[in-house]
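First residue of the sequence shown: 28, per this note's numbering; consecutive thereafter.
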Amino acid sequence: MKKKTIVFRFFLFFVFFILLFLVVSEVLKDKRIVQEYDASAKVKGFYEEKEDTLDFVFVGSSQLYADIAPAVLFSEYGITSYDFCANEQPLWISYYYIKEALKHQKPKAIVLDVFTVYGAEYEEEGVNHINIDDLPWSMNKVQAIRNGVPKDLQYSFFLTLTKYHDTWNTLDESKIESSFYHKRNVYRGYSPFTVRHAYGETAPNEVVMQTEREPVPDRARLWLDQIVELTKEEGVDLILIKTPNGNADRQKLYNSVSDYAKEKDIPFVNMNTVFDGEAHINVLQAEKVSKYIGGYLAAHYKITDKRKDAAFADWAEDSAYFYRKKAKCELISTDDLEAYTDFLSQQDYVTMVAVKSGDVASENTLISQEQKDCLAALGLYPDYTMNGSWCYLALVRNGNEPVLQFQTQTEQTESYELPYEEGCLITNTAAKASEKEFAGLPHSFTLQSSLQEDGLHVSFLMGEDNYCLDQDGINFFVYDPLLSEIVEFTAFAPGETEVLH
């Protein structure tokens, strides 16, 4: 009896040790959960999708998840899809992503990115960790490690604590929470890059005219062959795709991929010869690319439009995130004051405005009539006849509704508290963010003027941080309460309608 007790206690200790080891390993493992390169959120989010609800699964590298927005496919065509991707994903790992996808979904087609047909034998260790770490444990993950990682490095993928044991000093609440709390990804794997960039109307001529061919490396071709066979065995279509990166030299490889696709009798949609692009295109260009591939898929497959299906109401709600990001990109790409204020007047942002007269001692201030008209579009009417140096500050909601405003030549402070519920875009119970998730968000906005030795100064405070450029002329600070993020802060010089900063 005593011997059995000892064995039982040893067994309990062993189980406890294993569980503790697994928990610590998961907590210390790197979490890629913020901004555009949130591979952890993308991969884990895929497993939160309801089984057999996706029409298409996109698999590949970051050049795919930066270019294809499932929100656009849904909004334009009623198509459900997911970007099941990670950075620089090699084909020998894409193979196992496809196997994982087909365990949970029955898509009409797998759409495979061919960016990584270039060919080292193995990707860098960091790239492999980004692609493999967040996959749940299964034989697919084991095989991905065995076939995608050099043998002398495989131990750190099976025992991640050997890789991440010293990350405890960067541990924070968000990393701990993301270790065990998984939620659906509202962008469905897409990354919205909200940067200014002027793209051409079509692909660069040197890309379109590129006719040379560079052979697909043997290892990449081997795994392409295996992916073709896998999809045939699973009875699912395979579509090869290349999003636009504007690279004429890489087009040599894509020309060889085109030959391969014809040989295998599978479609290859090469948008590198259709659109201008770069490694990661912005939201505005991604919308065009997404509409293009969505049109192709809608033309080649019989798809049930799910836009009015109550079972997919969360897709309609989540799509709003993409279009808020699009609006942000449109605003930061606007330099003309009239277009700028017209755009602001149609949005439900929190907008702080400061008009500074400069050192003017007469009724003829440097604020032009055109600038006055632009301010009027936001419901703002400063007293331009005030003598001397003055400033006018206002906080605007719902486009053109001032909720705070004052004009002064001295020091003054006014604050506005953003209602808590406005910090959350989604309202249905499945997606509504928890109070904990929004704890600490800066919902306090303060307009402030101060008289100093060198003149009158203005501040836009969000929390305790100042985001005002404090320029003579018109200063703006724009915040999106639904995305809970700053859109931008900028300024227009007195009498000017082109952006100063």
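By construction, the Cβ of each residue, glycine as well, lies at the ideal position given by its N, Cα and C atoms. Everything numeric in this text was worked out from a predicted model, so none of it was measured.
Local conformation of residue i per DSSP, three classes
i, result
"residue 403", "helix"
"residue 285", "helix"
"residue 227", "coil"
"residue 297", "strand"
"residue 424", "strand"
"residue 258", "helix"
"residue 443", "strand"
"residue 518", "strand"
"residue 315", "helix"
"residue 379", "strand"
"residue 470", "coil"
"residue 310", "helix"
"residue 438", "coil"
"residue 71", "helix"
"residue 278", "helix"
"residue 482", "strand"
"residue 372", "coil"
"residue 154", "helix"
"residue 177", "coil"
CB contact flag (residue i, residue j, <9 Å)
i, j, result
"residue 95", "residue 313", "yes"
"residue 73", "residue 216", "yes"
"residue 82", "residue 218", "no"
"residue 78", "residue 132", "yes"
"residue 411", "residue 506", "no"
"residue 434", "residue 501", "no"
"residue 279", "residue 241", "yes"
"residue 158", "residue 125", "no"
"residue 541", "residue 515", "The structure shown does not extend to residue 541, since the chain spans only 28 to 528, so no value can be given for it."
"residue 503", "residue 519", "yes"
"residue 303", "residue 271", "yes"
"residue 185", "residue 307", "no"
"residue 234", "residue 300", "yes"
"residue 255", "residue 146", "no"
"residue 71", "residue 161", "yes"
"residue 214", "residue 171", "no"
Between the CA atoms of residue j and residue i - distance to the nearest angstrom
i, j, result
"residue 521", "residue 406", "19 Å"
"residue 345", "residue 136", "23 Å"
"residue 282", "residue 352", "34 Å"
"residue 486", "residue 471", "14 Å"
"residue 262", "residue 297", "24 Å"
"residue 454", "residue 236", "In this prediction, residue 454 scores a pLDDT of 35, lower than 50, which makes its location untrustworthy; no coordinate-derived value is stated."
"residue 493", "residue 401", "24 Å"
"residue 372", "residue 477", "28 Å"
"residue 212", "residue 257", "27 Å"
"residue 443", "residue 488", "10 Å"
"residue 89", "residue 309", "13 Å"
"residue 231", "residue 336", "41 Å"
"residue 328", "residue 85", "16 Å"
"residue 510", "residue 348", "7 Å"
"residue 416", "residue 496", "17 Å"
"residue 383", "residue 473", "17 Å"
"residue 414", "residue 491", "32 Å"
"residue 91", "residue 247", "18 Å"
"residue 311", "residue 356", "7 Å"
"residue 385", "residue 498", "9 Å"
"residue 68", "residue 110", "11 Å"
"residue 404", "residue 175", "58 Å"
"residue 13", "residue 445", "With the chain represented from 28 up to 528, any question about residue 13 goes unanswered, as that position is not in the structure."
Same chain only: Cβ atoms within 7 Å of residue i, ignoring 5 sequence neighbours per side
i, result
"residue 102", "346"
"residue 512", "none"
"residue 421", "380, 407, 429, 431, 432"
"residue 438", "476, 477, 478"
"residue 321", "99, 100, 103, 104, 106"
Own chain, CB closer than 8 Å to residue i, minus 5 neighbours either side, in chain order
i, result
"residue 330", "82, 104, 105, 106, 135, 324"
Buried or exposed (CB count within 10 angstroms, at least 16 for buried), residue i
i, result
"residue 317", "buried"
"residue 168", "buried"
"residue 252", "exposed"
"residue 116", "buried"
"residue 333", "buried"
"residue 440", "exposed"
"residue 238", "exposed"
"residue 33", "exposed"
"residue 223", "exposed"
"residue 182", "exposed"
"residue 250", "buried"
"residue 163", "exposed"
"residue 225", "exposed"
"residue 482", "exposed"
Same chain, Cβ closer than 6 Å to residue i, five either side skipped, listed in chain order
i, result
"residue 267", "139, 141, 288, 295"
"residue 525", "362"
"residue 424", "430"
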